[in-house]
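Okay, so here's the structure we're looking at.
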Amino acid sequence: MSVLPVLHHPLHLPDRPIRRATVPAVKTPAGYRRRLVLLMAAFTTAVEVASISGAVPNIPFGSLDLPLSIIPALGLAVACGERLLGRSTQRGAAIVYWLAICVLLPVLAVVYARDGRIELFTSLTVASMSEELVYRLAIPAVIGVVLRFVGLRPDRARVASLAFAGLWFVLLPGHREQMHSLGTALPFVAYAALAALIVYRSGSVLPMAVGHAVINLLTVLVWSESVAADARGTGLACTLGLLVLAYGRPKRITVADDGGLVDIRTGLDVASIDLRDGRPTSVTLSDGSSVVVQGPLPHEAPLPERTVR
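Each residue of the sequence shown is one higher than the one before, starting from 41 at the first, in the numbering used here.
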């Protein structure tokens with residue numbers, strides 16, 4: 041990718057909204073992957089709807105019957121690739137989080153194997169991760185595209201799509217069976233809200249999926265009295281706390297799928313950057329609004345064609 045020239049002296053920008061220069065449409069690998077991800081997300085959503093309605097049968101996996109949507113969901117994960125990791129500006133917390141996961145999952149596997157339920161361990165892990173792929177990635181992606189098509193702003197479309205998918209997740213038949221009062225419903229609502237917040241702010245679907253698996257594995261062990269409730273509480277607090285620290289507070293300006301810069305709150309591209317001495321670094325978004333940048337800009341992205349120094 042070529043980097044366009046950078047202006048080395050102050051430039052007085054017009055007051056009208058700043059837009060990117062028009063360039064011929066080029067089919068880039070990022071563009072192909074984006075279309076593939078949207079196609080897989082739509083297919084995954086359709087299969088999930090069919091599974092819930094009973095139009096397609098569940099598939100036996102280990103000791104559980106799982107919805108057929110786990111198959112396209114895994115395909116969606118492959119299409120997303122490393123993007124599933126999301127963005128973390130607290131690298132230390134992210135490292136500790138993954139070290140904790142690398143310790144917790146084998147320990148939990150040993151506990152399940154000791155009880156003769158290693159198949160249940162595998163089933164719960166796959167089911168938990170597929171739920172995150174469906175309800176934090178596939179369904180929000182499809183709903184977000186529809187909402188943007190009807191004219192909703194990208195930032196509002198992201199919030200609305202994650203909120204709708206979160207409500208859908210809370211009202212799944214298996215979850216409703218566990219809700220007997222407001223108190224029993226609150227954990228599901230709280231988890232859905234936390235998951236949506238983390239994915240909204242950092243796009244970290246895979247870390248959230250692994251955390252979801254740990255939560256479910258610990259919960260089932262408490263139900264079977266294989267693990268004390270206090271141990272479960274400690275495990276959940278550590279897992280969710282590290283997850284929020286590592287992935288809940290990303291930088292606002294980050295690298296987009298096409299290699300440029302994007303504002304994660306609005307979903308708008310960065311059209312220009314102001315790097316003049318004596319002034320705080322700021323960016324102008326594609327709608328003409330300006331945002332002051334806290335901290336350094338991502339160094340791995342090429343500068344926009346209108347960069348002021």
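Just so you know, even glycine gets a beta-carbon here, dropped at the ideal spot from N, CA and C.
Bridge pairing for Ser322: Asp314, Val332 [DSSP]. By the neighbour-count criterion, in which 16 or more other beta carbons inside 10 Å mark a residue as buried, Glu265 falls on the exposed side.
Sequence-distant partners of Leu285 (beyond 5 residues in either direction) whose C-beta falls short of 6 Å from its own C-beta, in its chain, are Gln130, Ala133. In this model, Val302 and Val210 are separated by some 31 Å (Cα to Cα). CA-CA distance, Val199 to Ile238, rounds to 12 Å.
With fewer than 16 other Cβ atoms from the protein chains shown falling within 10 Å of its own Cβ, Gly94 counts as exposed. Under a 10 Å Cβ-count criterion, His252 is classified as buried, with 16 or more other Cβ atoms of the shown protein chains found around its own Cβ. Considering only Glu217, Val190, His220, Val229, the residue with the shortest C-alpha distance to Leu202 is Val229. The residues Ser201, Leu202, Ala205, in chain order, have a CB closer than 7 Å to that of Pro180 in the same chain once the five nearest residues on each side in sequence are set aside.
Secondary-structure assignment with DSSP links Thr165 through no beta bridge to anything.
Nearest to Val150 by alpha-carbon distance, out of Val182, Leu114, Gly328, Leu258, is Leu258. Shown here for Ala113: same chain residues with a beta carbon closer than 7 Å to its own, the five before and five after excluded, namely Thr84, Ser170, Leu173, Val174, Ala178 in chain order.
Secondary structure remark: continuous beta strand (DSSP E) runs of at least 3 residues inside the stretch 240–306, in chain order: 293–295, 301–303.
According to the DSSP assignment, Leu177 belongs to no alpha helix (DSSP H), since it is labelled neither H nor E.
Taking the CA atoms as reference points, Ala225 sits about 32 Å from Arg292. DSSP places Pro146 in the uninterrupted alpha helix (DSSP H) bounded by 131–154. The secondary-structure analysis by DSSP pairs Pro100 across a beta bridge with Asp105. Between the stretch 212–222 and the stretch 181–200, the count of Cβ pairs shorter than 8 Å is below three; the stretches do not touch. Here Asp309 is buried, its C-beta having at least 16 other C-beta atoms within 10 Å.
In the DSSP annotation of this structure, the continuous segment of the alpha helix (DSSP H) that includes His215 starts and ends at 213–216. In the structure shown, the three-state DSSP call for Asp309 is strand. Taking 7 Å as the cut-off, the beta carbon of Thr279 is found no closer than this to the beta carbon of Val262. Annotation for Phe161: Ala149, Tyr152 place their beta carbon closer than 6 Å to its own, counting only its chain and skipping 5 residues before and after. Residue environment analysis places Pro100 among the exposed positions, since fewer than 16 neighbouring C-beta atoms fall within 10 angstroms of its C-beta. Beyond the five residues adjoining it in sequence on each side, Leu282 comes within less than 7 Å, by CB distance, of Ala133, Val136, Tyr137, Ala140 in the same chain, given in chain order. Here Val186 carries a helix assignment [DSSP, helix/strand/coil].
Where Leu192 is concerned, there is no enclosing alpha helix (DSSP H), because DSSP gives it neither an H nor an E. In the same chain as Ser168, and ignoring 5 residues on each side of it, the C-beta atoms closer than 6 Å to its own belong to His252, Ala253, Asn256, in chain order.
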